[in-house]
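Those letters in the sequence shown? Residues 1273 to 1783, by the numbering used here. Beneath this line is the structure, given in structure tokens, with notes to follow.
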Amino acid sequence: MVAKFHFKLFENIIMNKEKYFCLFWFSLLLSSCSSRHNVQYDPNNPLEKLQYDIAQKFEDSNFVNAHWGVLIKSLKSGETIYARNEKKMFMPASNMKLFTTSSAMISLGPNYRYTTRLVTNGEVKNGVLNGDLIMIGSGDPTISGRFDSGKVTITFEQWADSLKILGINQIKGNIIGDDNCFDDEYYGAGWSADYETDYYAAQISGLSFNDNCVDIRVAPSATIADVCSLTWSPNTRYVNIINQTTTVAETDSVNDIYFERKRGTNNIFVHGKLSIGKRPFIESVTVENPTKYTVMVLKEILESKGISVLGAVVDADDFADTLRYEHSTQLASFTSLPYSEIVKTINKPSQNFYTEQVFRTIGKERYGVGSMDNGRSAAFPILSSWGVDTARLRYADGSGLSRQDLITPSDIVSILSGMSKENSFLPFYESLPIAGIDGTIKGRMKGTKAESNVHAKTGSIGYVRSLSGYVTSSDGEQFVFSMIANHYTVPTRFAEKIQDAVCVMLADFKR
1273 MVAKFHFKLF ENIIMNKEKY FCLFWFSLLL SSCSSRHNVQ YDPNNPLEKL QYDIAQKFED
1333 SNFVNAHWGV LIKSLKSGET IYARNEKKMF MPASNMKLFT TSSAMISLGP NYRYTTRLVT
1393 NGEVKNGVLN GDLIMIGSGD PTISGRFDSG KVTITFEQWA DSLKILGINQ IKGNIIGDDN
1453 CFDDEYYGAG WSADYETDYY AAQISGLSFN DNCVDIRVAP SATIADVCSL TWSPNTRYVN
1513 IINQTTTVAE TDSVNDIYFE RKRGTNNIFV HGKLSIGKRP FIESVTVENP TKYTVMVLKE
1573 ILESKGISVL GAVVDADDFA DTLRYEHSTQ LASFTSLPYS EIVKTINKPS QNFYTEQVFR
1633 TIGKERYGVG SMDNGRSAAF PILSSWGVDT ARLRYADGSG LSRQDLITPS DIVSILSGMS
1693 KENSFLPFYE SLPIAGIDGT IKGRMKGTKA ESNVHAKTGS IGYVRSLSGY VTSSDGEQFV
1753 FSMIANHYTV PTRFAEKIQD AVCVMLADFK R
């Protein structure tokens, strides 16, 4: 009889499989909702209360169609405070810079400096340099850098003065740029073609100047219907700027100016309308072939200082044979700030160009040539030593501009935890934006215990917002955290609000 009953029950299930399947999943849904919203915790246990409050933040209904990846740990004990999808892969945006800057801090060291050299293969006689003037790049991103903390800006005027001191008034040869310390991949893997004009996707090169951009100042004319006033720095013939703007009436209150550099050229079109009375503004636009750009500006400055140049501007890649320097003579050089200062320029404003240059520099110093592959090969052993899963890591570029980058919150926490034990931790920690004080979180968490406390790196591309770093609790316990939102369709400030609230909770926490 029992056997018949079991057989009959089985038969009913088979005959009504769709109904039972729906009931099964409905019961699971009820169970999930129940466990989510009716979590029991001891209100007298501060840690359980904190964990519950954090969990509620990430249940925000605005993100029901999105993904949160979160990991928060105590640096003191290694205890996990909160975890959510911490082993899942996420696009990190500029949190990728944490991988690059931490690897460089170990691989290059905080005291690493770039040296760019100016040499000749000729001789100076009666004020004439009978030979070429060659600028040998080292990958330095800081030459005339506009984000160098204001401490050093190299100008080619100084080099011109050095040549004048050496008695050089004329150069019979070419001005050559040697960028062969890096390979010839100008862009990161997966970068959109739409970015090519924009400063945050400047071309990568072993020889660079002014972040490989020209800075265009736009001001309205005093007369309606006139074109706007355009000036640019450096004032170079290397770019051809086509003014297609219009000044309109003040009552129109329009600021609709946009820039377009035609692919493969240095023809920059400036389009749009600007009202009379609007403030002038500056837009940085990328250039094609940074090496030629750099030596062109050098040539123009030499000529402005009274040193005539009879030859042309040449990229060393245009020669069939590799340049050799056994018999060259150094005429001048430039040494950059140490990496401990350069890393601040990367992390605080989230500067992509510097990051890509540094990432290739890691590869150059380890393998002789700077490339993405060599950078990865040099960085992976360092990352792996901290517990990063490099077998699954997808390191498409150094800066996080690529949507092909894939990491886990656990990876980031491993990096931050690993760096906290390194001798070079302090310059790395000081390079991160500080809540309410500077960098990309200058305006966030003001008036809370998180202000001046949280040191964290932001990240933002389309439908991605990340925040990872360090925060100290009310009783002095330091936490390391990573919070990444992917695929949300609400305004980004909603994600920031959740991230900031969790940071404040951690700053307020007391065991």
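Every residue, glycine too, gets a C-beta built ideally from N, C-alpha and C.
- In the three-state scheme derived from DSSP, where H, G and I count as helix and E and B as strand, Tyr-1354 is classed as strand.
- Ranked by Cα distance from Gly-1445, the first of Pro-1413, Ala-1473 and Thr-1392 is Thr-1392.
- Per DSSP, the continuous alpha helix (DSSP H) segment holding Ile-1378 begins and ends at 1368-1379.
- Of the candidates Pro-1552, Ser-1505 and Lys-1534, Pro-1552 places its Cα closest to the Cα of Val-1526.
- Taken atom to atom, the span from the alpha-carbon of Gly-1449 to that of Leu-1678 is near 36 angstroms.
- In the three-state scheme derived from DSSP, where H, G and I count as helix and E and B as strand, Asp-1332 is classed as coil.
- When His-1599, Ser-1379, Ser-1600 and Pro-1562 are compared, the shortest CA-CA separation from Val-1586 is found for Pro-1562.
- In the three-state reduction of the DSSP assignment, Lys-1348 falls in the coil class, being assigned neither a helical nor a strand state.
- Here Trp-1431 carries a helix assignment [DSSP, helix/strand/coil].
- Secondary structure within the segment 1469-1554: the beta strand (DSSP E) runs of 3 or more consecutive residues, fully enclosed, are 1485-1491, 1501-1505, 1512-1520, 1527-1533 and 1539-1547 (chain order).
- As a beta-bridge residue in DSSP terms, Met-1407 pairs with Leu-1390 and Gly-1449.
- In this structure, the alpha-carbon of Lys-1577 lies about 28 angstroms from that of Val-1490.
- The closest CA to that of Ser-1477, considering only Asn-1512, Glu-1457 and Gly-1462, is found on Glu-1457.
- For Asn-1441, the secondary structure class from DSSP, reduced to helix, strand or coil, is coil.
- The secondary-structure analysis by DSSP pairs Phe-1606 across a beta bridge with Thr-1388.
- Per DSSP, reduced to three states, the secondary structure at Asp-1587 is strand.
- The shortest CA-to-CA distance from Tyr-1467 to any of Phe-1481, Gly-1411, Ile-1706 and Arg-1675 is the one to Arg-1675.
- Shown here, Thr-1761 sits in coil according to DSSP, grouped into three states, outside any helix or strand.
- Bridge pairing for Thr-1730: Leu-1739 [DSSP].
- Glu-1395: not part of any alpha helix (DSSP H); member of the beta strand (DSSP E) spanning 1395-1397, first to last residue.
- The three-state secondary structure of Phe-1781, taken from DSSP, is coil.
- As DSSP reads the structure, Asn-1402 sits in a beta bridge with Glu-1395.
- Membership of Thr-1414 in any alpha helix (DSSP H) is not indicated, and neither H nor E is assigned to it by DSSP.
- With respect to the 8 angstroms criterion, Tyr-1565 and Val-1559 are classified as neighbours on the basis of their beta carbons.
- Of the residues assessed, Gly-1439 falls on the exposed side of the cut-off, its CB having fewer than 16 other CB atoms within 10 angstroms.
- Residue pairing by DSSP places Trp-1340 opposite Ala-1757 in a beta bridge.
- Thr-1469 sits buried, since 16 or more C-beta atoms from the chains shown fall within 10 Å of its C-beta.
- By the Cβ-count criterion, Phe-1591 is exposed, with fewer than 16 other Cβ atoms from all chains shown falling within 10 Å of its own Cβ.
- For Thr-1617, the enclosing alpha helix (DSSP H) starts and ends at 1611-1619.
- Under DSSP, Gln-1771 shares a beta bridge with no residue.
- For the pair of segments examined, the segment 1762-1770 was found not to touch the segment 1346-1361: the number of CB pairs separated by less than 8 angstroms stays below three.
- With contacts defined as CB atoms closer than 8 angstroms, Tyr-1611 and Tyr-1384 qualify as a contacting pair.
- Only exposed fits Lys-1693, as fewer than 16 other CB atoms lie within 10 angstroms of its CB.
- In the DSSP secondary-structure assignment, Gly-1642 is bridged to Phe-1454.
- Contact between Ile-1684 and Asn-1357 does not hold, since the beta-carbon distance rounds to 13 angstroms and is not under 8 angstroms.
- For the pair Gly-1635 and Leu-1595, the Cα-to-Cα distance works out to about 21 angstroms.
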